[in-house]
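Participant:
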Amino acid sequence: MCTDKEILQTIDANPPQGQRLLLAAYQQRVQSVIASVVGNIKDVEDLTQEALITVLSTIDSYKPSRGTLATWIYTIAYRKAVSFVRQQRPVILSFDDTDTAVPSISDEQLADELSTGREERIQALEQALELLPVHDRLLITLYYYQDCSLAEIASIIGATANAVSHRLRRIREKLYTLLTINA
Amino acid sequence: MQEKFSDTDIREALRRHFAAMPPLSDDFNDKLFAALNRKKRQRKMRRLIIWPSIAAAATVALLLMLLPASEPQHNAVIAQVQPEVANQSPKAAQPETSEEPAPVAIPHKAERKAPRHSEPATQKVAHAEPELAPVAEEEPAVEAQPFRSRIDYVAANRDNMRSRISEQFETPFSSSNNEKTDKS
Numbered sequence: 004m005c006t007d008k009e010i011l012q013t014i015d016a017n018p019p020q021g022q023r024l025l026l027a028a029y030q031q032r033v034q035s036v037i038a039s040v041v042g043n044i045k046d047v048e049d050l051t052q053e054a055l056i057t058v059l060s061t062i063d064s065y066k067p068s069r070g071t072l073a074t075w076i077y078t079i080a081y082r083k084a085v086s087f088v089r090q091q092r093p094v095i096l097s098f099d100d101t102d103t104a105v106p107s108i109s110d111e112q113l114a115d116e117l118s119t120g121r122e123e124r125i126q127a128l129e130q131a132l133e134l135l136p137v138h139d140r141l142l143i144t145l146y147y148y149q150d151c152s153l154a155e156i157a158s159i160i161g162a163t164a165n166a167v168s169h170r171l172r173r174i175r176e177k178l179y180t181l182l183t184i185n186a
Numbered sequence: 008m009q010e011k012f013s014d015t016d017i018r019e020a021l022r023r024h025f026a027a028m029p030p031l032s033d034d035f036n037d038k039l040f041a042a043l044n045r046k047k048r049q050r051k052m053r054r055l056i057i058w059p060s061i062a063a064a065a066t067v068a069l070l071l072m073l074l075p076a077s078e079p080q081h082n083a084v085i086a087q088v089q090p091e092v093a094n095q096s097p098k099a100a101q102p103e104t105s106e107e108p109a110p111v112a113i114p115h116k117a118e119r120k121a122p123r124h125s126e127p128a129t130q131k132v133a134h135a136e137p138e139l140a141p142v143a144e145e146e147p148a149v150e151a152q153p154f155r156s157r158i159d160y161v162a163a164n165r166d167n168m169r170s171r172i173s174e175q176f177e178t179p180f181s182s183s184n185n186e187k188t189d190k191s
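Line by line, the protein sequences give chains A and B. For the first sequence, this note's numbering gives the first residue as 4, with consecutive numbering after it. For the second sequence, this note's numbering gives the first residue as 8, with consecutive numbering after it.
1. Kindly confirm or deny that the stretch 37-45 of chain A and the stretch 16-27 of chain A touch, where touching means at least three C-beta pairs closer than 8 Å.
2. Of all the residues that make up the stretch 27-38 of chain B, which are near chain A by a beta-carbon distance shorter than 9 Å?
3. Flag this pair as touching only if the stretch 63-75 of chain B and the stretch 59-72 of chain A have three or more C-beta atom pairs under 8 Å; answer yes or no.
4. Anyone know if the C-beta pair for B/Lys46 and A/Ile79 falls short of 8 Å?
5. Can you pull the chain B residues whose beta carbon is under 8 Å from the beta carbon of A/Ala38, in chain order?
6. Just the chain B side, please: which residues come within less than 9 Å of A/Gln90 by C-beta, in chain order?
7. Among the residues of its own chain, which have a CB less than 7 Å from the CB of A/Tyr146, if the five just before and after it don't count?
8. Please list the partners that A/Tyr179 has in chain B, where partner means a Cβ-to-Cβ separation under 9 Å.
9. Pull up the distance between the alpha-carbon of A/Leu3 and that of A/Gln126, whole angstroms please.
10. Using the rule of at least 16 other Cβ atoms within 10 Å of the residue's Cβ for burial, across every protein chain shown, is A/Glu48 buried or exposed?
11. Can you tell me where the alpha helix (DSSP H) holding A/Trp55 begins and where it ends?
12. Since A/Val167 contacts A/Leu134 with CB under 8 Å, what's their CB separation in whole angstroms?
13. Rounded to the nearest angstrom, what separates B/Leu21 and A/Ala164 at their Cα positions?
14. For B/Phe25 and A/Tyr29, which I take to be in contact (beta-carbon distance under 8 Å), what is that distance rounded to the nearest angstrom?
15. Just mark B/Ile61 as buried or exposed, buried being the case when its beta carbon has 16 or more other beta carbons within 10 Å.
16. Given that a residue counts as buried once 16 or more other Cβ atoms are within 10 Å of its Cβ, and exposed if not, what is B/Ile158?
17. State the start and end residues of the unbroken alpha helix (DSSP H) segment that holds B/Met168.
18. Note down, in chain order, all residues in the stretch 161-180 of chain A with a beta-carbon under 8 Å from any beta-carbon belonging to chain B.
19. What's the C-alpha gap between B/Asp37 and A/Arg175?
20. Quick one: Cα of A/Glu122 to Cα of A/Lys177, how far?
21. To which residues of the same chain is B/Ala100 closer than 7 Å at the C-beta, ignoring the five residues directly before and after it?
22. For a contact defined as C-beta to C-beta under 9 Å, what are the partners of A/Glu52 on chain B?
23. Could you please give the first and the last residue of the uninterrupted alpha helix (DSSP H) stretch that includes A/Ala157?
24. If you compare alpha carbons, which of A/Glu53, A/Ile10, A/Ala84 is closest to A/Val36?
25. Could you give the first and the last residue of the continuous alpha helix (DSSP H) run that contains A/Ser39?
26. How many Å lie between A/Ser97 and A/Arg140 at the Cα?
27. Where A/Arg23 and B/Leu39 are concerned, what is the direct C-alpha to C-alpha distance, given to the nearest angstrom?
28. Are A/Leu182 and A/Leu132 touching if we call contact CB-CB under 8 Å?
29. By Cβ distance, which residues of its chain are closer than 6 Å to A/Asp7, with the 5 residues on each side in sequence left out?
30. Taking only beta-carbon atoms, is A/Thr101 less than 8 Å away from chain B?
31. So A/Lys66 is in the alpha helix (DSSP H); what residue range does that whole segment cover?
32. Closest Cβ-Cβ distance between B/Ile57 and chain A: below 8 Å?
Okay, structure coming up:
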């Protein structure tokens, strides 16, 4: 797997080859980001294509000083997905719909509950992840699956790192609640 | 505040979730590059089309700016002149346009004696027909009047002057000419 720097250098030297390297490195990641927001597989493929076309056609405008290449690409993918979902189902994107009655749990208790790696728990988590609102699923995906930092996620979704941290904590609490209800 | 929420279970669940996701179609890359090339071509076409149209639009705009620029100036001159013409009394205007004999009634000698005014046109007319000067000599009061009031005076006493001129030359104005002036 090439690093971002190598990809950018290859794009400068040999654009077609650099584009293929970029696709090899980011195709699946972009797909997962879009899939965390958009449910339909066909839509995911179309949006992935749109996002990657935008990435490849505007790669000249990327400035490394503003953030990593991954952050820039995820931002494009996120905006494509969110704009698509807004056109489809505008209500789902509300950030206020998740402030339901969630019991206050300490981080240690959450960690104990969530990190006891059992097969049933993982399956239950998979189901619980499906029940999360779109933005929550996206944050979880970016943080746990794409290994983005809080600052990077904040840059992608246009929020502060503190807000992202707070939001991730809420999501974990919600997952815990869902697991408890299912159990 | 950079608190880590590391959780292997969540990571594993997510990994399984996305692993179960169907992969992109085989011709995804081909479609992608085809769409990318199409987009590049469209962008080139847009660039090619935009510049001539901008040049044409600029030319048209320039023409539109230049053409009406002359008309308003002309209209402005007319607008300046019209009030001046309207301010002039119709009686004063008539001798210059319809009746030529009236202005010649301004006395030639009186004009010489009186201080010079800034309107040489009337002086030229007075010089051109000096034979009518004796008519004006009979009314010295006109000398002291300014030029505009003299015109008014002439216009007011036009009939008297006309009769005097006709007596002097024994050539009455034709009836048709009088009718025309009455109508106007």
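Note that beta-carbon positions come from the ideal geometry of N, C-alpha and C, so glycine has one too.
Facilitator: The relevant details are as follows:
1. no
2. Ala27, Met28, Pro29, Pro30, Leu31, Ser32, Phe35, Asn36, Lys38
3. no
4. no
5. Phe25, Met28
6. By Cβ distance, chain B contributes nothing, its closest Cβ being about 20 Å from A/Gln90, past 9 Å.
7. Ile156, Leu171
8. Those within 9 Å of A/Tyr179 in chain B number zero; the least Cβ separation is about 11 Å.
9. Because chain A here runs from 4 to 186, residue 3 of chain A falls outside it and cannot be looked at.
10. buried
11. Trp is not the amino acid found at residue 55 of chain A; the sequence shown has Leu there. Segment 44-60, the alpha helix (DSSP H) holding A/Leu55.
12. A/Val167 to A/Leu134, Cβ: 21 Å. No contact.
13. 22 Å
14. The Cβ separation is near 14 Å, so there is no contact.
15. exposed
16. buried
17. 165-176
18. Ala164, Asn165, Ser168, Leu171, Arg172, Arg175, Leu178
19. 40 Å
20. 20 Å
21. Legend: pLDDT at B/Ala100 = 48, less than 50; position of this residue unreliable, value from coordinates given subsequently. Nothing listed; no residue qualifies.
22. The residue you asked about is not Glu; residue 52 of chain A is Gln in the sequence shown. Going along chain B in sequence order, the residues near A/Gln52 (Cβ under 9 Å) are Leu31, Phe35, Lys38, Leu39, Ala42.
23. 153-160
24. A/Ala84
25. 18-40
26. With a pLDDT of 48 at A/Ser97, under the threshold of 50, the modelled position of this residue cannot be trusted; read the value that follows with caution. Each residue's alpha carbon lies about 13 Å from the other.
27. 11 Å
28. no
29. Leu72
30. Legend: pLDDT at A/Thr101 = 48, less than 50; position of this residue unreliable, value from coordinates given subsequently. So, not an interface residue.
31. Taken as a continuous stretch (DSSP letters only), A/Lys66 belongs to no alpha helix (DSSP H), as it is neither H nor E.
32. no
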